[in-house]
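Have a look at the structure below before the remarks.
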Amino acid sequence: MKIHNGSLYWPTTTQPYHPSNNFDKYEVYNVVIVGGGISGSLTALALVEAGLSVAILDKREMGSGSTSANTGLLQYSNDIMLHELIDQIGEQDAVQFYKLCYKAVDDLEKIVDRLQLDADFIRRPSICYASDENDVEKIKVEYTTLKKHGFPCDYLGPNEMEEKLPFSKPGALVTFGDAEINPLKFVQGLLKKLEKKGAHLFPYVEVKDVSEADNILDIRTSNQSFLAKSIIFTTGYETVPVGHRIGADINRSYVFVSNPNQEFKNWHKQALIWETKRPYLYIRSTFDNRMIVGGLDEDNPNAPYSLELIQHRAENLLKQAKELFPNYEIDIDFAYAATFGESIDNLPFIGEHPTKPNHYYLLGYGGNGTVYSMLGSHILRDLIMGKRNEDAEIVQLQRKYVVR
Ligand SMILES: Cc1cc2nc3c(=O)[nH]c(=O)nc-3n(C[C@H](O)[C@H](O)[C@H](O)COP(=O)(O)OP(=O)(O)OC[C@H]3O[C@@H](n4cnc5c(N)ncnc54)[C@H](O)[C@@H]3O)c2cc1C
Numbered sequence: 082m083k084i085h086n087g088s089l090y091w092p093t094t095t096q097p098y099h100p101s102n103n104f105d106k107y108e109v110y111n112v113v114i115v116g117g118g119i120s121g122s123l124t125a126l127a128l129v130e131a132g133l134s135v136a137i138l139d140k141r142e143m144g145s146g147s148t149s150a151n152t153g154l155l156q157y158s159n160d161i162m163l164h165e166l167i168d169q170i171g172e173q174d175a176v177q178f179y180k181l182c183y184k185a186v187d188d189l190e191k192i193v194d195r196l197q198l199d200a201d202f203i204r205r206p207s208i209c210y211a212s213d214e215n216d217v218e219k220i221k222v223e224y225t226t227l228k229k230h231g232f233p234c235d236y237l238g239p240n241e242m243e244e245k246l247p248f249s250k251p252g253a254l255v256t257f258g259d260a261e262i263n264p265l266k267f268v269q270g271l272l273k274k275l276e277k278k279g280a281h282l283f284p285y286v287e288v289k290d291v292s293e294a295d296n297i298l299d300i301r302t303s304n305q306s307f308l309a310k311s312i313i314f315t316t317g318y319e320t321v322p323v324g325h326r327i328g329a330d331i332n333r334s335y336v337f338v339s340n341p342n343q344e345f346k347n348w349h350k351q352a353l354i355w356e357t358k359r360p361y362l363y364i365r366s367t368f369d370n371r372m373i374v375g376g377l378d379e380d381n382p383n384a385p386y387s388l389e390l391i392q393h394r395a396e397n398l399l400k401q402a403k404e405l406f407p408n409y410e411i412d413i414d415f416a417y418a419a420t421f422g423e424s425i426d427n428l429p430f431i432g433e434h435p436t437k438p439n440h441y442y443l444l445g446y447g448g449n450g451t452v453y454s455m456l457g458s459h460i461l462r463d464l465i466m467g468k469r470n471e472d473a474e475i476v477q478l479q480r481k482y483v484v485r
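Going by our numbering, the residue at position 317 of the sequence shown is 398; the numbering climbs one at a time, nothing skipped.
As structure tokens, then:
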């Protein structure tokens, strides 16, 4: 499966990380993690720091999956608004889930600081505008709900928006506590630290199958096999090698990254911008003053092979960006398409497989994938260490639509 195609931007900002492989493989690992993207590396960090022996296997170069296509917006607000999630799963769990997302952005910052990762992590507010008049009420209800539960946010009417941005809309929700990051630099920095902390990294090893005997998992791969007490699948949007995903909508999405332009610094605090319409347009800036613009999700799991189609979609995104920022000189420097997964109930899949003991999943489907990876790494660490985690039930696999 081709999970992205076109010209990616993040790989031009960093060098690939090649593990040293200077270790003796363990006979039995505490945990084997399948997938060396942002989910796998964050989970490995949590486990290694808890004292477990960990191997990460990836069929590609680590970080080169959807982590390389991830546009790096870190937001506590989700694709499903808090008041909608309350309707879906009840107030207590919905508010707790939002709190976990809020804390996950803080936790990501703490990792960047503590491990001194060069990942261009910058705090930004987010502005979610009402795409049309009909959505103003929705934004207002969300503002009231977030305020009621203590989340930092603000409401902007059209005039206030005009003061902050070169465009105005009928209303907007501003959330504070969000951030932007370069996800690939983050993962490459993390992998380097993980190796120093004793994790074993095996790129270009594809997991094919897993069997169990006497509570030990036998993990068969494209070359050698591995023994482990637990396995965690952090395989992103691709078909899982063991288990069957029944709650995922796998689509594709488009992104362009613009030319660098000092003018892009001029909108309000270089906020992360998105909207109420689905699929939504979203915009952020970069440390080197480029604009990243994404959206136009399509109902097709494979990134298109046609570079012409990708360019065509990027031009469509450019047109929408120019409508918002008519006075800015914006050109396309990079354009790509990528597979993108959402869960049907808008929650990530995090936890132990319902019928396969010691098989765990962290599939952070949805626009907040990185935030889910962060919060999921702590939940899985606790489950694997045999500790009770009160948040685990919200995202567990014992739901109608998950992995079977
Ligand atoms: C266009 C786009 C924009 C996005 N923007 C954002 C954003 O702004 N903010 C946000 O929070 N999230 C965003 N996301 C979501 C985010 O990218 C993902 O949630 C996150 O990067 C997924 O990381 P991962 O580690 O789970 O998956 P990946 O990075 O895809 O890693 C999974 C790894 O598993 C490996 N693998 C798969 N199967 C096997 C196997 N059988 N054996 C061995 N290895 C295997 C793959 O090679 C891959 O490297 C975006 C996604 C896309 C596509």
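Note that beta-carbon positions come from the ideal geometry of N, C-alpha and C, so glycine has one too.
With H, G and I counted as helix, E and B as strand and the rest as coil, what does DSSP make of residue i?
i: leucine 89; result: coil
i: leucine 353; result: strand
i: glycine 450; result: helix
i: asparagine 304; result: coil
i: alanine 416; result: strand
i: serine 211; result: Here residue 211 is alanine; the residue named in the question, serine, does not match the sequence. In the structure shown, alanine 211 sits in coil (DSSP, three-state: anything other than H, G, I, E or B).
i: tyrosine 363; result: strand
i: phenylalanine 406; result: coil
i: aspartate 164; result: With the sequence shown as reference, residue 164 is identified as histidine, and aspartate is not the correct amino acid for it. Note: histidine 164 maps to helix in three-state DSSP.
i: methionine 372; result: strand
i: threonine 256; result: strand
i: asparagine 151; result: coil
i: leucine 237; result: strand
i: phenylalanine 430; result: strand
i: serine 292; result: strand
i: asparagine 332; result: strand
Excluding the 5 residues preceding and the 5 following residue i in the sequence, name in chain order all residues of the same chain whose CB lies nearer than 7 Å to its CB.
i: asparagine 86; result: Ala384, Pro385, Tyr386, Ile391, Tyr417 and Ala418
i: leucine 181; result: Leu456 and Asp472
i: asparagine 263; result: Trp91, Thr94, Gly153, Ala200 and Asp201
i: methionine 466; result: Ala131
i: asparagine 370; result: Pro341, Asn342, Gln343, Phe345 and Lys346
i: aspartate 216; result: Thr357
Ignore the nearest five residues each way along the sequence and tell me which others in residue i's own chain have a CB closer than 8 Å to its CB.
i: isoleucine 411; result: Ser339, Asn340, Asn342, Met372, Leu399, Ala402 and Lys403
Going by alpha carbons, who is nearest to residue i out of the options?
i: proline 322; options: Asp105, Asp139, Ile192 and Arg205; result: Asp139
i: valine 374; options: Trp355, Arg359, Leu388 and Glu389; result: Trp355
i: tyrosine 318; options: Ile425, Ile312, Gly324 and Ala329; result: Ala329
i: leucine 246; options: Ile170, Asp426 and Tyr210; result: Tyr210
i: aspartate 199; options: Glu172, Ser122 and Lys266; result: Lys266
i: alanine 294; options: Gln197, Lys350, Val109 and Gln169; result: Val109
i: tyrosine 441; options: Gly447, Thr420 and Leu464; result: Leu464
i: lysine 229; options: Val176, Met242, Gly432 and Gly238; result: Val176
i: serine 207; options: Gln197, Val186 and Asp213; result: Val186
i: arginine 426; options: Asp414, Val484 and Arg394; result: Rather than arginine, the amino acid found at residue 426 in this sequence is aspartate. Looking at the Cα atoms, Val484 is the closest of the given residues.
i: leucine 388; options: Leu362, Tyr335 and Val113; result: Tyr335
i: tyrosine 361; options: Ile312, His459, Ser212 and Gly116; result: Ser212
i: asparagine 393; options: Glu433, Leu353 and Phe337; result: The sequence shown places histidine at residue 393, rather than the asparagine named in the question. Closest by alpha carbon: Phe337.
i: serine 311; options: Met82, Glu287 and Ile137; result: Ile137
i: glycine 376; options: Gly324, His459, Ala150 and Leu428; result: Ala150
Spatial neighbours of residue i within its chain, please: CB distance less than 6 Å, with the 5 preceding and 5 following residues excluded, ordered by chain position.
i: tyrosine 236; result: Tyr224
i: phenylalanine 248; result: Leu405
i: asparagine 296; result: none
i: aspartate 174; result: Ile475
- Query: Would you call the segment 334-350 and the segment 134-146 in contact, with 3 or more CB pairs under 8 Å?
  - Reply: No, they do not touch.
- Quick one: any contact between the segment 277-285 and the segment 364-382, if contact means 3 or more CB pairs under 8 Å? no
- Task: Decide yes or no for the touch test of the segment 153-166 against the segment 300-309: beta carbon pairs closer than 8 Å, at least 3 of them.
- Result: no
- May I ask you to verify whether the segment 188-198 touches the segment 258-275, counting CB pairs closer than 8 Å and requiring at least 3? yes
- Do the segment 441-452 and the segment 119-132 meet, that is, are 3 or more Cβ pairs less than 8 Å apart? yes
- Message: Within 8 Å, do at least three Cβ pairs link the segment 89-109 to the segment 281-289?
- Response: Below 8 Å, enough C-beta pairs join the segment 281-289 and the segment 89-109 to call them touching: three or more.
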